[in-house]
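Remarks on the structure that follows.
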Amino acid sequence: MLRQERKVGTVAVIAHQRKTIGGGLDELRRLLAEEGVEDLLWHEVPKSKKAPKQVRKVLKEGADLVVVWGGDGMVQRCVDVLAGSGVTMAIIPAGTANLFARNLGIPEDLPEAVRIAFHGESRKLDLGKVNGEHFAVMAGLGFDAEMIKDADRGLKDRLGRAAYFWTGLRHVRGELVHMEVKLDKTTWFEGEASCLLLGNVGTITGGIEAFDDAQPDDGWLEIGITTASGPIQWARVLGRMSAGRSDESPFVRMTRARKIKVKLAAPMPYELDGGAKGTVTELKAKVVPGGITVRVPVAAPEEDDRTVEHPGDREHPDGRADGRS
Ligand SMILES: [Mg+2]
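If you count the sequence shown from 1, position 108 lands on 901 in the numbering used here, and the numbers rise without skipping.
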């Protein structure tokens, strides 16, 4: 395997204080020292909302590599600033939901994640942009955003990623809202829908494989819309999604696009990468090709398909529902 030797340069750590992995931030400092880091910028934030300011600061200070310590929410806040900067980001998946890292094959293992940060390969990946803000994993309008909104912190801590799914099941209301969806300026859907998802990577909320062929470097965003209403229809949708057959459901339509414009007859909440972002009646989204450069594991030479399969992702959330009460 070819290991790229590179100058370490100025390394910036942007860390979410309340997230941890392995031996925590103390171990991270030791590992950075072992990698020969001399020029170190270190910023800890109490919540991911505070991260963008620190990222802007380290970009000004000439960071060559920005190491993000946290989950998807933290990564989302950081990529929003790093997008288009050309500065490489590394991810230490210390969060509750680490779907972006997981999709890229960065394991929840501190020494290994640090090794990838310094000896992995830099890959240019697409981002999505919704109403002016970048996301890395997915954007959700309606049902999925509701799930996130209803996931209380305690539940998220106890159940991890699955919390989104559990609370989602509990709160299925199947509210339908009239939507007009234009893809690349052409009307693609007009009617009542309950949920719209945009995906940059395949595995989303709760480990559900929502978009089978999603690639974060093909210049396209995946889009799915559901017209399901009521718990019975929803159970069918989720069952098919967890079985990896979301596109066969009569209540789900899927395709891909570069530009998406959604008009809603009534306000709906939306979320980016698992973080609630407010309520809107209009949503403008587009793909930002190659918007972020990320350190990822060096692809094994025999693999021409760069997608990494994670057997652990194949959970069966509908099976868990039995033990809910
Ligand atoms: Mg894509």
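Ideal Cβ positions, reconstructed from N, Cα and C, are used throughout, including at glycine.
Only a predicted model underlies this, so the values are computations on that prediction, with no experimental measurement involved.
| query | result |
| --- | --- |
| Name, in chain order, the residues that DSSP records as bridge partners for M867. | BP columns for M867 are empty, so no partner. |
| Following a CB-centred definition, is P1009 positioned closer than 7 Å to any heavy atom of ligand 1? | yes |
| Using a Cβ-based criterion (distance less than 7 Å to any ligand heavy atom), does L1014 qualify as near ligand 1? | yes |
| Given the structure, does N993 come close to ligand 1, in the sense that its CB is under 7 Å from one of the ligand's heavy atoms? | yes |
| Could you please give me the residues that DSSP links to A1078 through a beta bridge? | V923 and I1053 |
| Considering only heavy atoms of ligand 1, does any lie closer than 7 Å to the CB of D865? | no |
| So L1014 packs on A1050, CB below 8 Å; how close in whole Å? | 6 Å |
| Please name the residue, chosen from T1048, M931 and G815, that lies closest to L892 on a Cα-to-Cα basis. | M931 |
| Assuming L918 and D1010 make a contact with CB atoms under 8 Å, what is their CB distance in whole Å? | 5 Å |
| Give me, in chain order, the residues of the same chain whose beta-carbon lies closer than 6 Å to that of F928; leave out the 5 immediate sequence neighbours on both sides. | Q869, G921, L1065 and D1066 |
| Taking the alpha-carbon positions, what's the G953 to L934 distance? | At G953, the pLDDT of 38 sits below 50, so the modelled position is not reliable; the number obtained from the coordinates is stated separately. Those two C-alpha atoms are separated by around 22 Å. |
| Residues in its own chain within less than 7 Å of K1054 by CB, not counting five upstream and five downstream? | K975 and K1077 |
| Please state if the CB of D865 and the CB of P845 are separated by a distance shorter than 8 Å. | no |
| What residue does the beta strand (DSSP E) around G933 start on, and which one ends it? | M931 to G935 |
| Within 10 Å of its beta-carbon, does K1070 have 16 or more other beta-carbons around it, so buried, or fewer, so exposed? | buried |
| Using a threshold of 7 Å, is the CB atom of D977 nearer than that to any non-hydrogen atom of ligand 1? | no |
| Alpha carbon to alpha carbon, how far is E983 from V1087? Give it in angstroms, no decimals. | 37 Å |
| Would the beta-carbon of V859 fall within 8 Å of that of V880? | yes |
| Looking only at its chain, what residues have a beta carbon closer than 6 Å to the beta carbon of G1083, apart from the 5 residues adjacent to it on each side? | K917 |
| Name the two residues that bound the continuous beta strand (DSSP E) containing F982. | T979 to A986 |
| Here's a check: name, in chain order, each residue in its chain whose Cβ is nearer than 6 Å to the Cβ of V994, leaving out the five neighbours to either side. | N896, V930, A1007 and P1009 |
| For D832, which residues does DSSP report across the bridge? | T803 |
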